[in-house]
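Numbering (our numbering), first residue to last: 229 to 400. C-beta atoms are modelled at their ideal positions from N, C-alpha and C, and glycine is treated no differently. This structure is a prediction, so every number in the text was calculated from the model and none was measured. Report on the following structure.
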């Protein structure tokens with residue numbers, strides 16, 4: 229018999245994720261957790277290890293999760309691998325200066341820092357990094373700054389669909 233129990237962690241809310249984990253594990257006896265995002269995986273990894281709970285991760289994870297050795301089965305890839313592929317694609321193009329726009333979360337930070345690391349020695353420079361939130365609706369000042377700095381390309385890292393559409397409209 230398989231029973232599904234759900235606790236909503238919201239939009240990568242660490243406190244809600246930990247609260248949901250504790251509710252599922254401590255009160256319901258759940259031994260297998262599927263987190264919704266990287267922040268939840270990172271927050272619950274130590275708890276899973278201490279309580280003998282297995283985490284099934286359908287999403288991308290970062291170096292820290294791998295290095296800490298949490299009890300985890302990952303069905304996605306490691307963010308550093310994604311950054312490696314992206315760096316290869318960028319360096320194979322005519323782009324020499326890139327700017328990035330990313331969400332201010334663990335996922336965005338890991339991809340951005342890994343990308344910057346992977347671009348070293350390729351002739352491509354990350355000349356600007358900007359943060360966005362789910363509420364960001366104005367990108368014009370960022371785009372003008374990128375243009376002033378001579379960016380050949382922009383990497384949109386883990387932005388939501390609404391933010392990407394808004395940014396693309398303002399790019400015109």
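{"Check": "Along the chain, which unbroken stretches of the alpha helix (DSSP H) at least 4 residues long are found entirely within the stretch 274–357?", "Outcome": "291–296, 307–320, 334–347"}
{"Check": "Among residues of its own chain, excluding the 5 on either side of residue 267, which ones have a beta-carbon nearer than 6 Å to its beta-carbon?", "Outcome": "240, 242, 334"}
{"Check": "Do residue 310 and residue 339 have their C-beta atoms within less than 8 Å of each other?", "Outcome": "yes"}
{"Check": "Whole angstroms is fine: what's the gap from residue 276's alpha carbon to residue 397's?", "Outcome": "43 Å"}
{"Check": "Please identify the residue among 355, 288, 328, 265 whose C-alpha is closest to the C-alpha of residue 395.", "Outcome": "328"}
{"Check": "Look at the alpha carbon of residue 286 and the alpha carbon of residue 317, and state the distance between them as a whole number of angstroms.", "Outcome": "25 Å"}
{"Check": "Would DSSP call residue 268 helix, strand or coil?", "Outcome": "helix"}
{"Check": "To which residues of the same chain is residue 252 closer than 7 Å at the C-beta, ignoring the five residues directly before and after it?", "Outcome": "233, 235, 258, 261"}
{"Check": "Quick check: the Cα distance between residue 344 and residue 256, rounded to an integer number of angstroms?", "Outcome": "43 Å"}
{"Check": "Report back the beta-carbon spacing between residue 325 and residue 379 to the nearest angstrom; my notes put them in contact at under 8 Å.", "Outcome": "5 Å"}
{"Check": "Put residue 232 into one of helix, strand or coil per three-state DSSP.", "Outcome": "coil"}
{"Check": "When the Cα of residue 306 is compared with those of 269, 323, 330, 377, which residue comes out closest?", "Outcome": "269"}
{"Check": "Where does residue 387 sit, in a helix, a strand or coil, going by DSSP?", "Outcome": "coil"}
{"Check": "List the whole-angstrom C-beta distance separating residue 336 from residue 386, where the pair is believed to meet the contact cut-off of C-beta under 8 Å.", "Outcome": "4 Å"}
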